[in-house]
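Heads up, the thing below is written out as structure tokens.
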Amino acid sequence: MGSAGIGRFDSSTLPNYLLDGAYDEMFEAPGQPRGHYVPLLETLTSLPGDEIRRRKHSADLSFLNQGITFTVYGREEGTERIFPYDLLPRIVTSAEWNHVERGLMQRITALNLFLRDIYNEGRILADGIIPPEIVYSCKHFRRQMRGLQVPRNVYIAVVGSDLIRLPSGEFVVLEDNLRVPSGVSYMLTNRRVMKRIFPQLFQRYGVRPIEHYTQALLNTLRSLAPEGRAEPTIVLLSPGVFNSAYFEHAYLARQMGIELVEGRDLVTHDNVVYMRTTTGLRRVDVIYRRVDDDFIDPLAFRGDSVLGVAGLFNAYRAGNVTLANAFGTGVADDKALYAYVPKIVKYYLDQDPILNNLETYLLNDAVQRDHVLQNLDRLVVKAVGESGGYGMLIGPHSTAEQREEFRRRIVADPRNYIAQPTISFSRAPCFIDDTLEARHVDLRPYVLFGDKVTIVPGGLTRVALRRGSLVVNSSQGGGSKDTWVLNQ
Amino acid sequence: MLSRVADNLYWMSRYLERAEHTARILDVNLNLMLDESAAGVDRRWQRVLAALGNPADLAWGGDAYQIAHVLTFDASNRSSITSCITGARENARQVREEISSEQWQRLNQLFHEVGHYNLAENLDALPSEFLLNVIEGVHLFQGVTDSTMSHGEGWHFIQVGRYIERASATANLLNLYHREFWGQAGSVPEGNEYLEWVGLLRSCTAFEAYCKAYTADLNPDRILEFLLLNPEFPHAVRYSIDCLQAALDAIHGEGGKRRAAPLTRLAGRLQASLGFGQISEILSEDVGSYLQGILDQCRDIHTTIYQLYINYSIQTALAG
């Protein structure tokens, strides 16, 4: 298939399609599309320009009418916006996916063993593999979890790890989200909209399905129910309607057919959790919680929280209710601990990591810190406890003033920061202003861990929609696109 | 169903019913005002304020349009139509997974229409068009609710909210008119007084229905009978209480009858008093206190619903 077949969308005729050192998902070289993108390009070429625009419009409308929105804080009460998305799918071959899937299974299994270990015997600390101070100084470490047995020894039932692709095309893990990862509802609704917009193309490609995610999530939660609760009552605990992910909470609860509850709907009595219903109190066995540790129980954690349920932690300790994820899992996605994950994999599984980490400098090490401070303009600095693209310095895009600010902060509290090389991670074609442009993308697959590990093929591909931007978070101008994992 | 969800559905429905009622009363009275003297205007608007429960921060100052504007658009006044619709939407927003998307879209649309109405552009005109839009919007929402939502527990809580609000509003209006105009029972009203009785009927959308039943012969006793005891007219107190009772029955049906005994007794007694009462008996005694009694019973029913389904203490629930 030569470049003749792709006419209008040949890279040489796309003035804004940037091809440089970064891995491009679609083009191997200028004018040479990768094999698995050819059918997409052919379809785009065969459609008149305004037909693509029309489909884009119809997708917009579909998102809006289904209320697939996120809440924007500020000015007007209850402002809701549709989550920006891109019309073109990101395509992953089955060989690429198999590698990613094996890598994630290995990594999640090891991280779960690590959590069990540090909250019990602490072998990995005693053996000197990880400095204890890294673990104990982490603000997400919960000493309340010491010595507690969790059902099936599963701490992290729902995980979303962020992967990026290096210029070589290799997938590496950028970070693990082990607390309350979000975005899966966009993965599911993106797919539903895409199937309506490109039905023939979808069929021609042979895409692996993802629609069973909610069923798998429900089974995972059910498998973690306390002993002796054969027909467990499962609920989703949301901070409420003002949370930016409220749409997702409502969506998942509805898809699973479970109650969407808020803290004020739950009460504990004699270490049993109940929800208030019109027919009286009903016992709750499993809570899929979308509230952070800090806010979930004013008796055990932050006393000023009004979102939580007083006494929940004691009920959990007593084994009368399961929370997914467990408390204190944030210690394993701390950005400083991230640097040790390859060692964690090696230690518990005696295997080499299938998915590599990005090179990471730990700033409480004097040698590494000096190196970082001298090269702030070339590195990315991140605060270890932050997420959502906040508390971050991107060296090459920063001003001298910002670098000075971060230098001060690093010197004041080195444990709180890490640094990584600035990676120009892979770009994928996006439909922008009626033509194709390349934008940076990452990939967040969702891993479920109950009686078995389930990963639905694909995940959420997040896109940095602003030209040149490396930040994919929706709070900072990011969007998403559907991810197609192919059968062959 | 979660207690919080029942609470939200109940108030969503009550707020909408209240918005509709307020809109209709304003429309009717702005219209009737055109035909009368200054003294009449004073009495009328004081009565309107009383019919709406004498909203806080709002006293009759002599300007009917100013009052009407506050009661329509002022988002800082909790009795205004705008506030009621915002309240209904806020309640609906918290239970979006419980109501149909058609319901949500309909309510959301009404909310945006109300919020974006350009007051400056329409300042000279009567807000009549706006008021009719509100009434129509609420009617559409009710239609969509009945035809797209499962008629399960949630729907019954919506019914409860609507009819308890409606029964109270009608009883309250009757009470006010009774106090003011029932001087000469049996006489045939003329002139301005005739218009007042038309106003009362129209405030309950009852003028046409009344004429069908009794002809256009407006007789205060018959009006009272019609608005109080008619079993078929949707804004009559009896009809509203029948619907309320049916909805409560359906709700206990799902939750066990024994626990609901106090509520069954309260609502059943009110229903029986309206169902078996005769207008001649009611008229021979103190009508005012009879009407006040209905209002008190509605309030008790509300409180009992809350004790039973929403705000119950953990101890009672565990003992039950």
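Each protein sequence line maps, in turn, to chains A and B. Letter 344 of the first sequence, counting from 1, is numbered 325 in our numbering, and no numbers are missing. Each number in our numbering corresponds to the 1-based position in the second sequence with 39 added. By construction, the Cβ of each residue, glycine as well, lies at the ideal position given by its N, Cα and C atoms.
Contact belief for residue i with residue j at Cβ below 8 Å, rounded distance in angstroms
i: Val216 (chain A); j: Val174 (chain A); result: Val216 (chain A) to Val174 (chain A), Cβ: 28 Å. No contact.
i: Asp423 (chain A); j: Leu144 (chain A); result: 6 Å
i: Pro377 (chain A); j: Arg359 (chain A); result: 7 Å
i: Arg408 (chain A); j: Leu357 (chain A); result: Their Cβ separation, rounded to whole angstroms, is 25 Å, which puts Arg408 (chain A) and Leu357 (chain A) out of contact at 8 Å.
i: Gly459 (chain A); j: Arg448 (chain A); result: So it is not a contact: roughly 13 Å between Cβ atoms.
i: Val272 (chain A); j: Gly289 (chain A); result: 7 Å
i: Ile174 (chain B); j: Ala62 (chain B); result: 5 Å
i: Arg88 (chain A); j: Val265 (chain A); result: Contact flag wrong, Cβ pair sits at about 31 Å.
i: His60 (chain B); j: Ala208 (chain B); result: 5 Å
i: Arg375 (chain A); j: Val361 (chain A); result: The sequence given here has Ile at residue 375 (chain A), not Arg. Contact flag correct, Cβ pair sits at about 5 Å.
Collapsed DSSP secondary structure at residue i in the structure displayed
i: Leu336 (chain A); result: coil
i: Arg83 (chain A); result: helix
i: Met256 (chain A); result: strand
i: His250 (chain A); result: strand
i: Gln130 (chain A); result: coil
i: Arg123 (chain A); result: coil
i: Met175 (chain A); result: helix
i: Asn47 (chain B); result: helix
i: Ser166 (chain A); result: helix
i: Asn468 (chain A); result: coil
i: Asp5 (chain A); result: strand
i: Tyr472 (chain A); result: Not covered by the structure: residue 472 (chain A). The range shown for chain A is -18 to 469.
i: Met40 (chain B); result: coil
i: Thr416 (chain A); result: strand
i: Asp423 (chain A); result: strand
i: Lys363 (chain A); result: strand
i: Thr310 (chain A); result: helix
i: Tyr269 (chain A); result: strand
i: Ala409 (chain A); result: strand
i: Thr342 (chain B); result: helix
i: Asp143 (chain A); result: strand
i: Ile239 (chain A); result: coil
i: Pro470 (chain A); result: In the structure displayed, chain A extends from -18 to 469; residue 470 (chain A) sits before or after that span and is not available.
i: Met72 (chain B); result: helix
i: Ser167 (chain B); result: helix
i: Tyr232 (chain A); result: helix
i: Asp329 (chain B); result: It should be noted that the sequence gives Tyr, not Asp, for residue 329 (chain B). Looking at Tyr329 (chain B) - three-state DSSP - the assignment turns out to be helix.
Contact list for residue i against chain B, beta-carbon separation under 7 Å
i: Val248 (chain A); result: Ile353
i: Leu241 (chain A); result: Glu136
i: Arg245 (chain A); result: Arg43
Within chain A, the residues that residue i reaches when beta carbons sit closer than 7 Å
i: Ala356 (chain B); result: Gly261 and Leu262
i: Tyr348 (chain B); result: Thr259
i: Met40 (chain B); result: Thr258 and Thr259
i: Glu192 (chain B); result: Thr259
Per-residue contacts from residue i into chain B (C-beta, under 8 Å)
i: Ala234 (chain A); result: Glu136
i: Ala231 (chain A); result: Arg135 and Glu136
Contacts that residue i makes with chain A (C-beta to C-beta distance below 9 Å)
i: Ala45 (chain B); result: Thr258 and Thr259
Partner residues on chain A for residue i, Cβ-Cβ distance less than 8 Å
i: Gln133 (chain B); result: Gly221 and Val222
i: Ile290 (chain B); result: Thr259
Closer than 6 Å: residue i CB and nearest the ligand NAD heavy atom
i: Gln144 (chain B); result: With respect to the ligand NAD, the structure offers nothing, as it holds no ligand at all.
Does the stretch 293 to 307 of chain A touch the stretch 134 to 141 of chain A, meaning 3 or more C-beta pairs lie closer than 8 Å?
-> By the C-beta criterion, the stretch 134 to 141 of chain A is judged to be in contact with the stretch 293 to 307 of chain A, since at least 3 inter-stretch pairs fall below 8 Å.
With contact counted as at least three CB pairs below 8 Å, one residue from each stretch, are the stretch 133 to 146 of chain B and the stretch 40 to 60 of chain B in contact?
-> Under the 8 Å Cβ criterion, the stretch 133 to 146 of chain B counts as touching the stretch 40 to 60 of chain B, having at least three qualifying pairs.
Mind pulling the alpha helix (DSSP H) runs of 4 or more residues that sit fully within the stretch 180 to 207 of chain A?
-> With a minimum length of 4 residues, the continuous alpha helix (DSSP H) runs that stay inside the stretch 180 to 207 of chain A are 180 to 186 and 194 to 204.
Spell out a yes or no on whether the stretch 202 to 213 of chain B and the stretch 235 to 249 of chain B are touching, meaning 3 or more CB-CB pairs, one atom from each, closer than 8 Å.
-> Counting C-beta pairs with one atom in each stretch, the stretch 202 to 213 of chain B and the stretch 235 to 249 of chain B have three or more that are closer than 8 Å, which means they touch.
Counting pairs of beta carbons, one from the stretch 173 to 191 of chain B and one from the stretch 143 to 152 of chain B, are three or more of them closer than 8 Å?
-> When Cβ pairs closer than 8 Å are counted between the two stretches, the stretch 173 to 191 of chain B is seen to touch the stretch 143 to 152 of chain B, the count reaching three or more.
Counting pairs of Cβ atoms below 8 Å between the stretch 97 to 110 of chain B and the stretch 436 to 453 of chain A, do you hit three or more?
-> Contact between the stretch 97 to 110 of chain B and the stretch 436 to 453 of chain A is not established, with fewer than three Cβ pairs separated by less than 8 Å.
Length-filtered (4 minimum) alpha helix (DSSP H) runs lying within the stretch 236 to 291 of chain B | The qualifying runs are 246 to 253 and 259 to 268.
Should the stretch 150 to 158 of chain A be called in touch with the stretch 433 to 448 of chain A, which here means at least 3 C-beta pairs below 8 Å?
-> Contact between the stretch 150 to 158 of chain A and the stretch 433 to 448 of chain A is absent, because fewer than three Cβ pairs lie under 8 Å.
Check whether the stretch 392 to 406 of chain A touches the stretch 348 to 368 of chain A, counting contact only when three or more Cβ pairs, one atom from each stretch, lie closer than 8 Å.
-> Yes, since at least three Cβ pairs between the stretch 392 to 406 of chain A and the stretch 348 to 368 of chain A fall closer than 8 Å, the two stretches touch.
Length-filtered (4 minimum) alpha helix (DSSP H) runs lying within the stretch 76 to 143 of chain B = Listed in chain order, the complete alpha helix (DSSP H) runs (minimum 4 residues) inside the stretch 76 to 143 of chain B are 77 to 90, 103 to 112 and 120 to 132.
Enumerated in chain order, which unbroken segments of the alpha helix (DSSP H) with a length of 4 residues or greater are wholly contained in the stretch -5 to 42 of chain A?
-> The stretch -5 to 42 of chain A contains these whole alpha helix (DSSP H) runs: 19 to 27.
Using 8 Å as the threshold, is the stretch 238 to 255 of chain A in touch with the stretch 294 to 302 of chain A, meaning 3 or more CB pairs across them?
-> Yes: at least three Cβ pairs fall under 8 Å.
With contact counted as at least three CB pairs below 8 Å, one residue from each stretch, are the stretch 276 to 287 of chain B and the stretch 192 to 208 of chain B in contact?
-> In short, these stretches touch, since the Cβ pair count reaches three.
Could you tell me whether the stretch 184 to 203 of chain B touches the stretch 319 to 332 of chain B, using the rule of 3 or more Cβ pairs below 8 Å?
-> Fewer than three Cβ pairs drawn from the stretch 184 to 203 of chain B and the stretch 319 to 332 of chain B lie within less than 8 Å of each other, which leaves the two stretches out of contact.
Quick one: any contact between the stretch 104 to 120 of chain A and the stretch 183 to 200 of chain A, if contact means 3 or more CB pairs under 8 Å?
-> With a cut-off of 8 Å, the stretch 183 to 200 of chain A and the stretch 104 to 120 of chain A do not count as touching, because too few Cβ pairs lie within range.
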